[in-house]
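Let me begin by presenting the structure, written as structure tokens, before commenting on it.
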Amino acid sequence: MMKRIVAVAVAALAMTTSWAQAQEVKVGVNLPYTGIGAEFAQLVDRGMELYLKLNADKVRPYKITLIKRDVKDPGGANAKIAVQELLTQDNVDILAGWIYSPNAIASAPIVTAGKKLAVIMNAGTAQITNMSPYYVRTSFSMWHAGYALGEAAAKLLNAKTAVVGYTDFPPGKDSLAAFKKSFEGTGGKVIDEIPMGGAGAVPDFTPFFQRAKDKKPDVFFVFVPAGDHAAAVVKTYAALGMRDAGIKLIGPGDITQDTKLQAMGAAAVGLITMHHYHADLDNPENKRFVEAWKKEYGATTTPDFMAVGGYDGMAAIVHVVQTLKGKIGVEQALEALKGWKFASPRGPISIDPVTRDIVMNEYLSEAVMKDGRVFQKVIGKIDGVKDACKEQKIGPCAPK
Amino acid sequence: MIFGIDVASMLLGGVAAGMVLFIVSVGLSVTMGLMGFVNLAHGGFAMLGGYAIALAMKHWGLGFVPALVFGFVVTAAASVLLERLLYARLYRATELDQVLFTIGLVFMMIASVTLLIGPENQPLALPAILQGQINLGITQYRTYSVVLIVVGIVIVGGLWLGFERTQIGAQIRAAVDNRRMAESLGINIARLFTITFAFGSGMAALGGGLGAEFLGLDPQYALKYLVYFLIVVAVGGLGRVTGVFYAALLIGVLDFVLKKYVPQGGTAFIYALTILLLLWRPQGLFGAKVT
Amino acid sequence: MTPPQAGWAEHPAALALAGRHRVRVWEPIPWVLALTFYFAFPKHLGFGTELLVTILFAISLDLVLGYAGIVTLGHAAFFGAGAYTVGMLAKQGIWNEPVTGLILAALVAAAVGLGSGLVLLRTHGLTLLMLTLCTMALLEEAANLAHDYTGGFDGLDSLPIAPLFGVFEFNPLYPKTQYLYVLTVLFVCFVFVRTVVYSPFGQSLTGIRENMLRMHAVGAPVRGRLVLCYALSAAIAGVAGGIWAQANAYVNLGTLGLDRAATVLIILVLGGYGRLYGAFVGAVAYMVLSHFLSKIYPTAWQLGLGLLLVVIALFARNGILGIAEAAVRRLWTRHATS
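Protein chains in written order, with the numbering used here: chain A, 6 to 405; chain B, 5 to 295; chain C, 122 to 459.
Below you can see the structure in the form of structure tokens.
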């Protein structure tokens, strides 16, 4: 009897001491859990949760609590309220999330006033990291892929002429500017720029693609938002017989997003994309990541670049928590992330100390059929790519 | 000669898009003309029908045409249920109440599909013979667009015959032109409306399935294209099948041409044109002048 | 004609008519509540500010919908016009004083309202609905095209709004100034709308709504009244938009979108249109529900909202206030007969 009482008392004591040791760090997450962005929110959310699950040993002895808020739409207003409430009501230590660029742009003044580290896990407009000194981005900038692809198209694909089709909103215009700068800087010529409707409803791409086809370029660079736009692009490309007409379809990896790729089927074969991540990347980190993902979320699901944005973002957060031993001051957090290196499923990444944006590899891949499914074969790689827009201070990143 | 090919490809692409608009919108036009009921949930029926068709093909292995028939029947049946239970109570209600009811209904439709199936796009696998290109003599063209045009012409022909040559068609036309008079002649308006509503919703389902290749299929479909359907109906004139047909073609071709030559301002032009057309002829291009 | 006789002015119906505009006992309640909110929930002031702006916008819609009977799905056109006026002037560094900025916003929105009203209000029914929708959509597209001035899809961020009266700054994290500022503007606009509604002009609007033919027969300048009402409503919607831009230091295409226009319509109907305070009740109910329900179970929120709308359209056409009125009436009759 006595032994049992002692055992229980010891256990209780152990539990309370370990509980006191597990210092809680609150991370405020804002994502569009409902509305048109629900799918993307789910990918980033799962990426974050998977990191915490796979690397529980790296989190100990701290406890990371995710406080999640729905921003509903890319309208900006809800994102502002969400971030504001996370800061003033939930008193979070770190902010994270942001799928849509307009939401990140709208949140910037609040982030600056709130003086907390804010990790951007998707939004890709280049100059966002300039809008607040506390923004750190672990996802990508449109310029990472766009600029690299311009050079690759001219050098590796020997393209002399290009037509650019882009969805008419800032990431699309960013992509156009990035591709054009490097393509024309390497001796190519962009012979037509076609805005292809807005980012809302998927338009019928046929008239735009018809116009591109009539111009007979070597390559057709297309940027559309990931998701349904991309699926429609691939379908229209095939339906108009553009490949047989000798026009290669190239673009950033948004058009071959892993979650949509298999549904595109044979129509996607031949697409050449430049991106920092896809699920077929061959490195041990990614193999582990994809396997864990399928085990956790279902064998038919797959992670994609948004998921890895969430995964790496959480890795950055955990690094900050460990380095600062749970006491998250924003200046120290930024210091901890400057030059931080990490072996991510997308390859080695680091955070640029000057721009607080991500530095990572870019892979040139071609879609092929392999073992009955669409597979992205890596045909080229560029190491340590920085965001050229801020690096060279051009266009929207130029000093005002 | 090159100009000719250009024009032909423009017309074909625009006409195909217009056909999809027509097939979805014709039901809306007739029900609105017949009962004066503003049904903003019409896009929801197109969405539900499209989903029924895509899922029947995916999970039960139905062929494309049998799936289309299935979608039509299922959606028509569901709409009859809704009409008898809910819509019928609001026939004498104000326009505002009708707008609210149908907006609420479409929200419920979108949320149900999102909860049951998921927010992502639903792919619809067209049979292989309908994919790819077809040789039309002067130029290669997208097979599916050609098929849609043929289907559209068959449908409008069938509808025209139905309206002009059958008794029920005559009854509908009479009721659209002057409901009170038609009623006093002994025509059972309530039954007529149920039949028309069911047919219109079935057509919407058909349009949703046929148009999935161009317009995609996801829960937001119900609201995304609603404005376009309403424009086609308002410009064509309520209750006029031929009116809707020409309006749909006009909008479809214009949209296509604008996107190709003036991609920057395309949608703005459609709205501006609609405003001008409706100001010039508020009853629509082919609608009956309101006394 | 019968000459007025003694005792008529004391008839209960006459007294009721004459006293309609008098301030009721319970009318200060919403304002007291709003002030209490400021002190009781200092951490929710961001939500509170958004709520007050929504109420102002809904009041502007009530003027055209509840009193003049114009069903419009395009009212966000005026909200956005006001918002972008403030936004563009501030961003380009031309003008950033808040109060005068609001006046400018009201003027621009009123101009848009006057222009579109003159042209559109010749039609009615589905045609009018479509026209209001297309006008708003056209403005939205125009704003998107002119992205050099309007910021396009990303909008104009970090608007440099000058401190109120040179003293009170707009703090993005702790929006105390914003809340009180919006509350004051809301009060001023509300008093204005209330005066209009109970004036002869307002009465004629009700007449037009109830029976347009008869108003024509009586010789009332129907179209002129409608257009004036539309322009006034547009001006107030413009103030709502302008103050939204100032409070958030941000403006984007969402201010001109169908989403915003549809939401304000839903809010007004939820509360009860044609009742002045319906805007208050509806906005509070909608935003509180939306804020908390969507935290718990996001997708179910849309389902619940849809169901609510269907139920209202079928059984509770006059919204929450309508239900309350019916309940009060039943209590009175029971009281009177017992």
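A virtual CB, placed ideally from N, CA and C, is assigned to each residue, including glycine.
For the segment 14-85 of chain B, not one full-length beta strand (DSSP E) segment reaches 3 residues or more. Checking the DSSP bridge columns, you'll see M374 (chain A) partnered with A:V379.
Chain-order list of chain A residues neighbouring A21 (chain B): D209, by C-beta distance under 7 angstroms. Contact annotation: in the segment 253-287 of chain C, residues whose CB is within less than 8 angstroms of a CB in chain A are N265, G273, F274, D275, G276, D278, S279. One finds Q215 in chain A with Cβ atoms closer than 8 angstroms to the Cβ of S13 (chain B), taken in chain order.
Look at the segment 226-253 of chain C: the residues with a C-beta under 9 angstroms from a C-beta of chain B are V240, L241, R243, T244, H245, G246, L247, T248, L249, L250, M251, L252. In this structure, DSSP gives A101 (chain A) an extended state, which the three-state scheme calls strand. The Cβ atoms of L428 (chain C) and G108 (chain B) sit closer than 8 angstroms to each other. Take the alpha-carbon of W152 (chain C) and the one of T305 (chain C): they are about 10 angstroms apart.
Comparing C-alpha distances from F226 (chain A) to each of A:T172, A:S106, A:D233, A:D209 shows the shortest one belongs to A:T172. For L429 (chain C), the residues of chain B that pass the 8 angstroms Cβ criterion are G108, in the order they occur in the chain.
At least one C-beta of chain C is nearer than 8 angstroms to the C-beta of Q94 (chain A). For G256 (chain B), no beta strand (DSSP E) run applies; the uninterrupted alpha helix (DSSP H) run containing it begins and ends at 245-265, by DSSP. Annotation: the continuous beta strand (DSSP E) that includes D75 (chain A) extends over 68-75. For R450 (chain C), DSSP records no beta bridge to any residue.
Residues of the segment 263-278 of chain A with a C-beta less than 7 angstroms from any C-beta of chain B: A268, listed in chain order. A residue is called buried once 16 or more other Cβ atoms fall within 10 Å of its Cβ, and T143 (chain A) is buried on that count. For D181 (chain B), no Cβ of chain A is located within less than 8 angstroms of the residue's own Cβ. Sixteen is the threshold: when 16 or more other Cβ atoms of the shown chains lie within 10 Å of the Cβ of H280 (chain A), as they do, the residue is buried. The C-beta of G80 (chain A) comes closer than 8 angstroms to at least one C-beta of chain C. For K253 (chain A), the pairing in a beta bridge is given by DSSP as A:V224. Secondary structure of P293 (chain C) (DSSP, three-state): coil. Assigned with DSSP and collapsed to three states, F347 (chain A) falls in strand. According to the DSSP assignment, G236 (chain C) belongs to the alpha helix (DSSP H) that extends over 219-241.
Burial check for D62 (chain A): the Cβ neighbour count within 10 Å stays below 16, so the residue is exposed. Contact between A202 (chain C) and G440 (chain C) is absent: CB atoms are separated by about 27 angstroms, not below the 8 angstroms threshold. Around the beta carbon of Q367 (chain C), 16 or more other beta carbons sit within 10 angstroms, so the residue counts as buried. Residue pairing of I150 (chain C) in beta bridges, as defined by DSSP: absent, with no partner found.
With respect to chain A, the C-beta atom of R244 (chain B) has no partner C-beta closer than 8 angstroms.
Under the Cβ criterion (8 angstroms, minimum of three pairs), the segment 208-215 of chain B does not count as touching the segment 247-265 of chain B.
In this model, K264 (chain B) and A321 (chain A) are separated by some 45 angstroms (Cα to Cα). Under DSSP, N35 (chain A) forms a beta bridge with A:R74, A:G102. Under the DSSP assignment, D269 (chain C) falls in the alpha helix (DSSP H) whose first and last residues are 268-271. For I260 (chain A), DSSP assigns no beta-bridge partner whatsoever. The Cβ atoms of I176 (chain C) and F401 (chain C) lie closer than 8 angstroms to each other.
Exclusion of the five residues before and after I180 (chain C) leaves V314, A400 as the residues of its chain whose Cβ lies within less than 6 angstroms of its Cβ.
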